[in-house]
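Participant:
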Ligand SMILES: NC(=O)c1ccc[n+]([C@@H]2O[C@H](COP(=O)([O-])OP(=O)(O)OC[C@H]3O[C@@H](n4cnc5c(N)ncnc54)[C@H](OP(=O)(O)O)[C@@H]3O)[C@@H](O)[C@H]2O)c1
């Protein structure tokens, strides 16, 4: 039995009024899980959705928050791939109510990897959800081929920042769309070929200029709303829009006749495990790319453990890069 503190959602509402620190105990992990002493945990827009009661996969509070965490294994069931003391990062048991903004966290074993040498705790904590989501979108569901043009919305954010780098690693030309010069500078540092500011530039005409009128082969969309609608006007024939999320507050509006007349597809992505083989392949490939430093977490603000409620509130207007919580 392990005991420590955990941030939990006690009721839906503004994070400062609804997220509270609780003393908890963690029993030995069940088969398929490992228990880690958390060093850092990754944050993102889903935290906003969870506290507001708008996250589709969770019921009513109380439950623990934090979808991903990095730390050392402190307990593993017999037969586990992982041993006590190993440094790992992975997706928490948040869907069962146990999150990563805590001193200890259960990680789903099949969605956990050893931290590659050279990766810091903060980078490791920000890796799993974003890169597993990008992999699901760009490798499993709408494979991007070398030489194709990938347009990434929210490209200085969590899943967008991962998609930008995975797209480059797959050999695509990447158009990165973000909402400030600071965010576009970050995209350029992480390999974007063509940064576009959706607040000051006309997205469809810029895409047309950059692609010689062809359009983008794949649009990766964690943002939705008007920005995604504008990007969709620049999609190529036979193109695919990869539906990831709705950080703008609403999903992109799709029009079946438009899909038909302009010959493109919409591909929904939910990055949850489909089979042990697929998970092993995905995490193996991601660990290899991270070990070679071909993909890395575009770290943004690092918050203290005490700042979790404020951190969640700030995910409604996030700065550049991936937000992470650091434990003492
Ligand atoms: N399908 C899946 O399996 C899966 C997995 C992970 C996440 N998601 C979903 O993907 C979405 C994005 O998550 P994320 O963690 O990538 O988010 P994030 O890191 O916060 O990035 C979202 C980006 O969206 C843009 N944005 C536009 N309007 C916004 C608003 N009102 N509030 C916040 N951001 C806004 C921002 O970019 P600019 O300022 O540059 O416009 C921001 O960088 C969420 O809906 C999440 O649930 C889905």
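Residue numbers (my numbering): 13 to 340. The C-beta atom is built at its ideal place from N, Cα and C for all residues, glycine as well. These numbers were taken from a predicted model, which means no experiment stands behind them.
1) Rounded C-beta distance between residue 328 and residue 60? I'm assuming under 8 Å.
2) Use the C-beta contact count for residue 96: other C-beta atoms within 10 angstroms, 16 or more gives buried, fewer gives exposed.
3) Confirm the yes/no value for this check: CB of residue 241, any heavy atom of ligand 1, distance under 6 Å.
4) Taking contact to mean at least 3 C-beta pairs separated by less than 8 Å, is the segment 244 to 263 in contact with the segment 219 to 235?
5) Find out if the Cβ-Cβ distance for the pair residue 54, residue 137 is shorter than 7 Å.
6) In angstroms with no decimal places, state the Cα-to-Cα distance between residue 312 and residue 14.
7) Hey, would you say residue 168 sits closer than 7 Å to residue 52, going by beta carbons?
8) Please confirm if the segment 285 to 293 is in contact with the segment 256 to 270, defined as three or more CB-CB distances below 8 Å between the two stretches.
9) Candidates 242, 338, 238: which alpha carbon is nearest residue 217's?
10) Grab the span of the beta strand (DSSP E) containing residue 160 for me, first residue to last.
11) Since residue 276 and residue 253 should fall inside the 8 Å C-beta cutoff, what is the C-beta to C-beta distance between them, to a whole number of angstroms?
12) Counting C-beta neighbours from all protein chains within 10 Å, is the total for residue 155 16 or more, i.e. buried, or is it exposed?
13) Assess, as a yes-or-no matter, whether the segment 292 to 309 is touched by the segment 144 to 161 under the definition of 3 or more beta carbon pairs within less than 8 Å.
14) In the DSSP output, which residue or residues are listed as bridge partners for residue 267?
15) In angstroms with no decimal places, state the Cα-to-Cα distance between residue 26 and residue 324.
16) Is residue 311 near ligand 1, going by C-beta to nearest heavy atom under 6 Å?
17) Rounded to whole angstroms, what is the Cα-Cα separation between residue 44 and residue 89?
18) Does ligand 3 have even one heavy atom less than 6 Å from the beta-carbon of residue 187?
19) Would you kindly report the start and end of the unbroken alpha helix (DSSP H) that includes residue 144?
20) Are the Cβ atoms of residue 83 and residue 110 separated by less than 7 Å?
21) For the alpha helix (DSSP H) containing residue 295, list its first residue and its last residue.
22) Report, in whole angstroms, the separation of the C-beta atoms of residue 299 and residue 58, which I expect to be a contact under 8 Å.
23) Below 6 Å, is the gap between the Cβ of residue 180 and the nearest heavy atom of ligand 1?
24) Tell me, to the nearest whole angstrom, how far the beta carbon of residue 320 is from that of residue 134; I am working on the premise that it is less than 8 Å.
25) Short of 6 Å in beta carbon distance, which residues of its chain neighbour residue 184, apart from the five on each side in sequence? Order them along the chain.
26) For the beta strand (DSSP E) containing residue 60, list its first residue and its last residue.
27) Report the option in 260, 206, 233, 214 whose CA atom is closest to the CA atom of residue 222.
28) Could you give the C-beta distance for residue 63 and residue 24, rounded to a whole number, given that I count them as a contact under 8 Å?
29) In three-state terms, what does DSSP make of residue 312?
30) Can you find the residues in the same chain that come closer than 8 Å, C-beta to C-beta, to residue 259, ignoring five residues on each side of it along the sequence?
31) With distances taken between CB atoms, is the gap from residue 112 to residue 81 smaller than 7 Å?
32) Go ahead and pull the three-state DSSP assignment for residue 220.
Facilitator: Short version:
1) Translated into positions along the chain shown, residue 328 becomes position 316. Translated into positions along the chain shown, residue 60 becomes position 48. Rounded, the Cβ-Cβ distance is 5 Å, consistent with contact.
2) Start at 1 with the first residue of the chain shown, and residue 96 comes out as number 84. Residue 96 comes out exposed.
3) Residue mapping note: residue 241 aligns to position 229 of the chain shown, counting from 1. No, ligand 1 has no heavy atom inside 6 Å of this Cβ.
4) The segment 244 to 263 makes contact with the segment 219 to 235: 3 or more CB pairs, one atom from each, lie closer than 8 Å.
5) Working through the chain shown from its first residue, we reach residue 54 at position 42. Working through the chain shown from its first residue, we reach residue 137 at position 125. Taking the C-beta atoms as reference points, residue 137 is found nearer than 7 Å to residue 54.
6) Taking the chain shown and counting its residues from 1, one reaches residue 312 at position 300. Taking the chain shown and counting its residues from 1, one reaches residue 14 at position 2. A straight-line Cα-Cα distance of about 31 Å links residue 312 and residue 14.
7) Locating residue 168 in the chain shown gives position 156, where the first residue counts as 1. Locating residue 52 in the chain shown gives position 40, where the first residue counts as 1. No. Outside cutoff.
8) Cβ pair count under 8 Å is below three, so no.
9) Translated into the one-based positions of the chain shown, residue 217 becomes position 205. The shortest Cα separation from residue 217 among 242, 338, 238 belongs to 242.
10) Start at 1 with the first residue of the chain shown, and residue 160 comes out as number 148. Careful: residue 160 lies outside any beta strand (DSSP E) and carries neither H nor E.
11) Position 264 of the chain shown, counted from the start, is the residue given in the question as residue 276. Position 241 of the chain shown, counted from the start, is the residue given in the question as residue 253. Contact between residue 276 and residue 253 holds, since their C-beta atoms are separated by about 7 Å, short of 8 Å.
12) The residue labelled residue 155 in the question sits at position 143 within the chain shown. Residue 155 comes out exposed.
13) Verdict: yes, contact present.
14) As a working mapping, residue 267 is identified with position 255 in the chain shown. Note: residue 267 is not bridge-paired with any residue in the DSSP secondary-structure output.
15) In the chain shown, residue 26 corresponds to position 14, counting from 1. In the chain shown, residue 324 corresponds to position 312, counting from 1. One C-alpha to the other measures close to 9 Å.
16) Position 299 of the chain shown holds residue 311. Because no heavy atom of ligand 1 lies under 6 Å away, the Cβ of residue 311 does not count as near it: no.
17) Stepping through the chain shown from its first residue, residue 44 is reached at position 32. Stepping through the chain shown from its first residue, residue 89 is reached at position 77. Answer to the nearest angstrom: the Cα atoms are 8 Å apart.
18) In terms of ligand content, the structure shown lacks ligand 3 and carries ligand 1 instead.
19) By 1-based counting over the chain shown, the position of residue 144 is 132. Annotation for residue 144: the continuous alpha helix (DSSP H) segment containing it runs 140 to 147.
20) Taking the chain shown and counting its residues from 1, the one referred to as residue 83 is at position 71. Taking the chain shown and counting its residues from 1, the one referred to as residue 110 is at position 98. Cβ distance not < 7 Å, so residue 83 and residue 110 don't count as in contact.
21) Walking along the chain shown from the start, residue 295 turns up at place 283. Judged by DSSP secondary structure, residue 295 falls within the alpha helix (DSSP H) whose first and last residues are 288 to 303.
22) Start at 1 with the first residue of the chain shown, and residue 299 comes out as number 287. Start at 1 with the first residue of the chain shown, and residue 58 comes out as number 46. That pair is no contact at about 23 Å.
23) Within the chain shown, residue 180 is the residue found at index 168, counting from 1. No.
24) Locating residue 320 in the chain shown gives position 308, where the first residue counts as 1. Locating residue 134 in the chain shown gives position 122, where the first residue counts as 1. With 8 Å as the limit, residue 320 and residue 134 do not qualify as a contact, their Cβ atoms being about 15 Å apart.
25) By one-based count along the chain shown, residue 184 stands at place 172. Within the same chain, and ignoring the five residues on either side of residue 184 in sequence, the residues whose Cβ sits closer than 6 Å to its Cβ are 156, 160, 162.
26) Translated into the one-based positions of the chain shown, residue 60 becomes position 48. Segment 57 to 64 is the alpha helix (DSSP H) holding residue 60; no beta strand (DSSP E) there.
27) Reading the chain shown from its first residue, position 210 is the one you call residue 222. Comparing Cα-Cα distances from residue 222 to each of 260, 206, 233, 214, the minimum goes to 206.
28) Residue mapping note: residue 63 aligns to position 51 of the chain shown, counting from 1. Residue mapping note: residue 24 aligns to position 12 of the chain shown, counting from 1. Right, the Cβ-Cβ distance comes to about 7 Å (below 8 Å), so this counts as a contact.
29) For the purposes of this step, residue 312 is taken as the residue at position 300 of the chain shown. Secondary structure at residue 312: strand, using DSSP grouped into helix, strand and coil.
30) As a first step, residue 259 is located in the chain shown; it is residue number 247 there, counting from the start. Counting only residues of its own chain and dropping the five nearest sequence neighbours on each side, residue 259 has a CB closer than 8 Å to the CB of 57, 166, 169, 234, 235, 236.
31) Translated into the one-based positions of the chain shown, residue 112 becomes position 100. Translated into the one-based positions of the chain shown, residue 81 becomes position 69. Closer than 7 Å, so yes.
32) For the purposes of this step, residue 220 is identified with residue 208 of the chain shown, where counting begins at 1. For residue 220, the three-state secondary structure derived from DSSP is helix.
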